[in-house]
Amino acid sequence: MEARPEATRWYDRLLSVDRRWIYLILAIAVLLPTVIPFSVPTGISNEVRSVYNFIEGLEPGDNLFLAIDYDPSTLAELHPMTEAILRQAFQRGARVVITSLSQFGPAMAEELIARVAQEEGKQRNIDYTFLGYKPYPGITILAMGSDFRVPFPTDYYGTPVDSIPMMQDIHNYRNVKAVISFAGGNVADMWIQYGNAKYGVPVALGVTGVMASDYYPYLQSRQIFGLIPGMKGAAEYEMLVERRGQGSRGMPYQMSTHLVILVFMVITNIAYVAQRRARRRAAGAR
Amino acid sequence: MKKQIPLLLVLVSGLIMVIQYFVPHPVSEFVFTYANDFVIVIGILALPIGIFSLLRNTWAKAKHDRKERIYSIATFFGFALMVVAGLKRESLESGTLYMQLFQNILVPAQATLFSMLAFYIASAAYRAFRVRTMLAAILLVTAFVVMLRLIPLPEPLSTWNADLVRWILAVPNMAAKRAIIIGVALGAISYSMKILLGIESSYMGRD
Chain A
1 MEARPEATRW YDRLLSVDRR WIYLILAIAV LLPTVIPFSV PTGISNEVRS VYNFIEGLEP
61 GDNLFLAIDY DPSTLAELHP MTEAILRQAF QRGARVVITS LSQFGPAMAE ELIARVAQEE
121 GKQRNIDYTF LGYKPYPGIT ILAMGSDFRV PFPTDYYGTP VDSIPMMQDI HNYRNVKAVI
181 SFAGGNVADM WIQYGNAKYG VPVALGVTGV MASDYYPYLQ SRQIFGLIPG MKGAAEYEML
241 VERRGQGSRG MPYQMSTHLV ILVFMVITNI AYVAQRRARR RAAGAR
Chain B
1001 MKKQIPLLLV LVSGLIMVIQ YFVPHPVSEF VFTYANDFVI VIGILALPIG IFSLLRNTWA
1061 KAKHDRKERI YSIATFFGFA LMVVAGLKRE SLESGTLYMQ LFQNILVPAQ ATLFSMLAFY
1121 IASAAYRAFR VRTMLAAILL VTAFVVMLRL IPLPEPLSTW NADLVRWILA VPNMAAKRAI
1181 IIGVALGAIS YSMKILLGIE SSYMGRD
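Here the protein sequences line up with chains A and B, keeping their order.
Heads up: the first sequence at position 160 corresponds to 160 in my numbering, and the numbers run straight through without jumps.
Heads up: the second sequence at position 68 corresponds to 1068 in my numbering, and the numbers run straight through without jumps.
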């Protein structure tokens, strides 16, 4: 009996599958949790819990600095954790100073802050101040070490910072308990290098899933006191604050797509090993 | 002189900024604030050049390439609309036309573009992530284990996997990252020194 041509073997077909099939399977995986809703159980990691414990430890009137340093491109991962922490800080009675050192961040941040403040019954300039955006994040972070008024003489809405009641006794990092930066880029490094290293302000980070592994060294060296990694971190945080939000709701979608990618990795490698063995056998037979 | 004066300016201003960084004194803070104003002014001067460049290139495309014309018109229209909508200071508050455009066009557009990456990653995982060598096999197994933590597993597999991931992130990952961070920092210091001393002057363009 004649041997089947090489190109028709199962592993060859698997290895040369049209990429549109891959896209289609992934699209189905993305849609699956919408059609069949399910929830994903999430354990809570120490690095997320330490941020939660810190905010829980705030007393009414304490000042917290939140840096919303991301663009709409990473909104899906970072918005849920920002919302959960801002809400928790408001519930603790903390006064929150907020900046957004990412180019497309301020308008996106403003919508979130206004909504959460309204839901929690908080007032602008009394319970929180949104300073907005300034270019060159490294320089801005350094300048805020002298006085927030140096890079931000007015807030996002054009109100002079000196006339904002809440800001009367808030001048620089010495007047805030900590900085929590939600970053989709290298602004997180700047907060560590300038905010923490130069001015000694405690820093915690909320970052995208792919960025998270970059910041574990800072966690061990205690240059950051907490780390919330991606949507999973947000889901963990939402569990801690006992309020299900976009993080928990997004986990099934993330899980189904990750599962598909894992299955792809397994299938393609089984096919690859099979192909390699077949080629070796064929070479040995010759 | 054409080269010496810029080099001298770089050396002097660089040294001043290095010294002020390490000296916590009101004078040093004044120098820093003053230098920042320079940076912001230079940035503002660059903005009209960027806008001019965008409009000129878009106009050239619209003029010479019929296929691109519709996209060029969309660029001009979008640019003009955002400028007009954002002229007033109050436009930055929720509910205004500028914010509606931002929330309903720019935010979903950026999020959609970024989420397309998932499809490319899936395709790359299928086509490129193969156990060709021992190192590739280690990388593959590590990636598999780390990604597996997002999948709910029955106990005690879930706890074992979580512990293993924690160890991977806290030990081998951290060791590698530290080496990279220290290497990059040393490289940045030596590169900065070369710029300050005028050894590296490619930022001035060709002589």
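All residues carry an ideal CB built from backbone N, CA and C; glycine is no exception.
Note that the structure is predicted; figures quoted are calculated from it, not measured.
Below-8 Å beta-carbon distance, residue i vs any chain B residue
| i | result |
| --- | --- |
| A:LYS287 | Because residue 287 of chain A is not part of the residues shown, which for chain A are 1 to 286, the question remains open. |
| A:TYR11 | no |
| A:GLY43 | yes |
| A:GLY57 | no |
| A:ASN269 | yes |
| A:VAL260 | yes |
| A:ALA274 | no |
| A:TYR216 | yes |
| A:LYS232 | yes |
| A:MET1 | Because the pLDDT at A:MET1 is just 48, under 50, the model does not fix this residue reliably, and the point stays unresolved. |
| A:THR257 | yes |
| A:MET265 | yes |
| A:ASP18 | no |
| A:ASP69 | no |
| A:ILE22 | yes |
| A:PRO72 | yes |
| A:LEU86 | no |
For residue i, the nearest candidate out of the options (CA to CA)
| i | options | result |
| --- | --- | --- |
| A:VAL96 | A:GLN103, A:ARG286, A:VAL51, A:ILE180 | A:ILE180 |
| B:ILE1040 | A:ALA143, A:SER50, A:PRO37, A:THR34 | A:ALA143 |
| A:ARG13 | A:GLY250, A:VAL176, A:ILE270 | A:ILE270 |
| A:ASP127 | A:PRO106, A:GLN91, A:LEU219 | A:GLN91 |
| A:GLU59 | A:HIS79, A:ARG49, A:GLN88, A:LEU78 | A:GLN88 |
| A:ASP214 | B:GLY1183, B:LYS1177, B:ALA1188, B:MET1193 | B:LYS1177 |
| B:PHE1251 | B:SER1013, B:PRO1026, B:ALA1060 | Look at the range of chain B in this structure, 1001 to 1207, and you will see that residue 1251 of chain B is not part of it. |
| A:ILE192 | A:ALA212, A:ILE224, A:SER163 | A:ILE224 |
| A:GLN254 | A:ASN196, A:MET231, A:ARG243, A:ILE267 | A:MET231 |
| A:PRO80 | A:ARG280, A:MET239, A:ILE261 | A:MET239 |
| B:VAL1131 | B:ALA1143, B:TYR1120, B:VAL1010, B:PHE1102 | B:ALA1143 |
| B:PHE1102 | B:SER1115, B:GLY1086, B:PHE1114 | B:GLY1086 |
| A:GLU77 | B:TRP1059, B:ALA1111, B:LYS1088 | B:ALA1111 |
| A:ASN292 | A:GLY57, A:PRO151, A:GLU120, A:THR159 | Residue 292 of chain A cannot be examined here, being either before or after the span of chain A that is shown, 1 to 286. |
| B:MET1017 | B:MET1204, B:GLY1205, B:GLU1200, B:LEU1196 | B:LEU1196 |
| A:LYS198 | B:PRO1048, B:TYR1021, B:ILE1073 | B:TYR1021 |
Euclidean distance between Cα positions of residue i and residue j
| i | j | result |
| --- | --- | --- |
| B:ALA1080 | B:LEU1055 | 11 Å |
| A:ASP71 | B:THR1075 | 20 Å |
| A:GLY250 | A:VAL51 | 21 Å |
| A:GLY43 | A:GLU236 | 7 Å |
| A:MET166 | B:MET1147 | 44 Å |
| A:MET1 | A:ALA274 | The pLDDT assigned to A:MET1 is 48, lower than 50, so where the model puts this residue is not dependable, and the model offers no usable value. |
| A:ASN63 | B:ARG1166 | 32 Å |
| B:MET1001 | B:ARG1127 | 56 Å |
| A:ALA183 | A:THR208 | 7 Å |
| B:ASP1065 | B:ILE1051 | 21 Å |
| A:LEU26 | B:VAL1023 | 55 Å |
| A:GLY61 | B:VAL1083 | 40 Å |
| A:ALA94 | A:GLY247 | 23 Å |
| A:TYR216 | A:ARG19 | 35 Å |
| A:GLY195 | A:ALA84 | 23 Å |
| B:PHE1129 | A:ASP147 | 49 Å |
| A:ASP162 | A:ASN53 | 32 Å |
| B:ILE1182 | B:ASN1173 | 14 Å |
| A:GLY105 | A:TYR133 | 8 Å |
| A:ARG277 | A:GLY138 | 54 Å |
Under 9 Å from the C-beta of residue i: neighbouring residues of chain C
| i | result |
| --- | --- |
| A:ALA76 | Chain labels in this structure do not include chain C; the protein chains are A and B. |
8 Å Cβ cutoff, residue i in contact with chain A
| i | result |
| --- | --- |
| B:PHE1119 | yes |
| B:LEU1134 | Per the sequence shown, the amino acid found at residue 1134 of chain B is Met instead of Leu. No, no contact with chain A. |
| B:GLY1183 | no |
| B:LYS1077 | The sequence as given places Phe at residue 1077 of chain B; Lys does not occur at that position. Closer than 8 Å: no. |
| B:PHE1144 | yes |
| B:SER1123 | yes |
| B:TYR1191 | no |
| B:VAL1141 | no |
Closer than 7 Å: residue i CB and nearest the ligand MG heavy atom
| i | result |
| --- | --- |
| A:PHE90 | Of the ligands one can find in the structure shown there are none, so the ligand MG has no counterpart to examine. |
| field | Cβ-based contacts, 8 Å cut-off: residues of the region 1011-1030 of chain B near chain A | value | Here the close residues are TYR1021, GLU1029.
| said: Check whether the region 63-70 of chain A and the region 97-108 of chain A are in contact - that is, three or more C-beta pairs closer than 8 Å. | reply: Two segments are said to touch when three or more pairs of C-beta atoms, one from each, lie closer than 8 Å; by this definition the region 63-70 of chain A touches the region 97-108 of chain A.
| Near-chain B residues of the region 192-221 of chain A (beta-carbon distance less than 7 Å), N- to C-terminal order | The residues in question are SER213, ASP214, TYR216, PRO217, GLN220.
| request: Give, in chain order, every residue of the region 103-114 of chain A whose Cβ lies closer than 8 Å to some Cβ of chain B. | output: Listed by position, the residues of the region 103-114 of chain A near chain B (Cβ gap below 8 Å) are PHE104, PRO106, ALA107, MET108, GLU110, GLU111, ALA114.
| Can at least three beta-carbon pairs, one atom from the region 1085-1103 of chain B and one from the region 108-117 of chain A, be found at a separation below 8 Å? | The region 1085-1103 of chain B vs the region 108-117 of chain A: in contact.
| message | At a CB distance below 8 Å, what residues from the region 1070-1095 of chain B approach chain A? Give them in sequence order. | response | Only those residues of the region 1070-1095 of chain B whose C-beta falls short of 8 Å from the nearest C-beta of chain A are listed: ARG1089, LEU1092, GLU1093, SER1094.
| Where the region 1038-1068 of chain B meets chain A: residues whose CB sits under 8 Å from a CB there | So the list reads VAL1039, ILE1040, GLY1043, given in the order they occur along the chain.
| query | Taking Cβ-Cβ distances below 7 Å as the criterion, which residues of the region 144-157 of chain A are in contact with chain B? | reply | Per Cβ criterion, the list reads SER146, VAL150, TYR156, TYR157.
| query | Name the residues in the region 1145-1160 of chain B whose C-beta lies less than 9 Å from a C-beta of chain A; which are they? | reply | Residues of the region 1145-1160 of chain B with a C-beta less than 9 Å from any C-beta of chain A: VAL1146, MET1147, LEU1148, ARG1149, LEU1150, ILE1151, PRO1152, SER1158, THR1159, listed in chain order.
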